[in-house]
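Residue numbering for the sequence shown follows this note's numbering, beginning at 529 and increasing consecutively.
Heads up, the beta-carbon is just placed ideally off N, CA and C, and yes, glycines get one too.
All figures in this text were calculated on a predicted structure; none of them were measured in a lab.
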Amino acid sequence: MGIRITRAFTAALLGVTALFVTGCRQDMHDQPKFIPLRMSDFYADKRSARPIIEGTVARGQLKEDTYFYTGKIGNQEGDVMPFPVTADVLARGQERYNIYCTPCHSELGDGRGMIVQRGLRPPPSYHTDRLRKAPIGHFFDVITNGFGAMPDYATQIPVADRWAIAAYIRALQLSQNAQKSDLPAGVDVVDNVTSTIPATGTPGSGATEPPTPVKGGESK
Ligand code: HEC
Numbered sequence: 529m530g531i532r533i534t535r536a537f538t539a540a541l542l543g544v545t546a547l548f549v550t551g552c553r554q555d556m557h558d559q560p561k562f563i564p565l566r567m568s569d570f571y572a573d574k575r576s577a578r579p580i581i582e583g584t585v586a587r588g589q590l591k592e593d594t595y596f597y598t599g600k601i602g603n604q605e606g607d608v609m610p611f612p613v614t615a616d617v618l619a620r621g622q623e624r625y626n627i628y629c630t631p632c633h634s635e636l637g638d639g640r641g642m643i644v645q646r647g648l649r650p651p652p653s654y655h656t657d658r659l660r661k662a663p664i665g666h667f668f669d670v671i672t673n674g675f676g677a678m679p680d681y682a683t684q685i686p687v688a689d690r691w692a693i694a695a696y697i698r699a700l701q702l703s704q705n706a707q708k709s710d711l712p713a714g715v716d717v718v719d720n721v722t723s724t725i726p727a728t729g730t731p732g733s734g735a736t737e738p739p740t741p742v743k744g745g746e747s748k
């Protein structure tokens, strides 16, 4: 046996190995898989798309904190914020309130927003005893589910923002009904702005804004 035969043998061996290697590669290409919604003989019901296991929760859909999402404790509207109210939360609430609610409720929350002045049914003022005493969850619920003639704003306003708006309405209520005891010593409650607005009035009669101080040089 010469060195040549050994070489020939090595070459043959390499060739056979190469065949095996390509064989493996083919296996990976042809692995069994389901094309979406295609029939399959593998399962008894022939559905390759398997039904979702009971109790499955989609990512981001776990609503464990029911109070945060409903504003209700059992069937009762709750009277606590589900997260701490910071200055940032109130600022966000004010911004969102001014965008979504002022067209009807006005910046003061007296229910005489611009579309109301143009003839839309006036909403109640937030500065009534009933709404002052209403739990904060009520405001969250009204935004989430609507109320009577008012549509809901669940699609437009994310949950945390609805709470921020509810917190801001509380601030609005305080702003229109502040007592001396709410203020630091030495500060007095001045004539509040709502008192300059006619309590009743037909929509369209105007004058929902507090009178702006006349500045020198302005003529109209
Ligand atoms: C298109 C006008 C409109 C907009 C915008 C609107 N509301 Fe109202 N809202 C109403 C009307 C009308 C009512 C009275 C509904 C009724 O009594 O049938 C009302 C009632 C309410 C009430 C009182 C519910 C009660 O117990 O009497 C609250 C609180 C309230 N809205 C909050 C909001 C908040 C917060 C926003 C902004 C996210 C908002 N609304 C946006 C028209 C509007």
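Start and end residues, alpha helix (DSSP H) containing residue 642 | 642–645
Could you tell me if residue 585 is buried or exposed, where buried requires 16 or more neighbouring beta carbons within 10 angstroms of its beta carbon?
-> When all chains shown are included, residue 585 counts as exposed.
Determine the burial state of residue 625: buried for a count of at least 16 other Cβ atoms within 10 Å of its Cβ, exposed for fewer.
-> Classification for residue 625: buried.
Quick one: Cα of residue 620 to Cα of residue 714, how far?
-> 30 Å
Extent of the continuous alpha helix (DSSP H) run through residue 670 = 664–673
Kindly indicate if chain D contains any beta-carbon less than 9 Å away from that of residue 577.
-> No chain D appears in the structure shown, which is made up of a single protein chain.
Bridge partners of residue 600, per DSSP?
-> 605
Which one of 690, 594, 591, 656 has the shortest CA to CA distance from residue 636?
-> 656
Span of the alpha helix (DSSP H), counted from its first residue to its last, around residue 661 = 657–661
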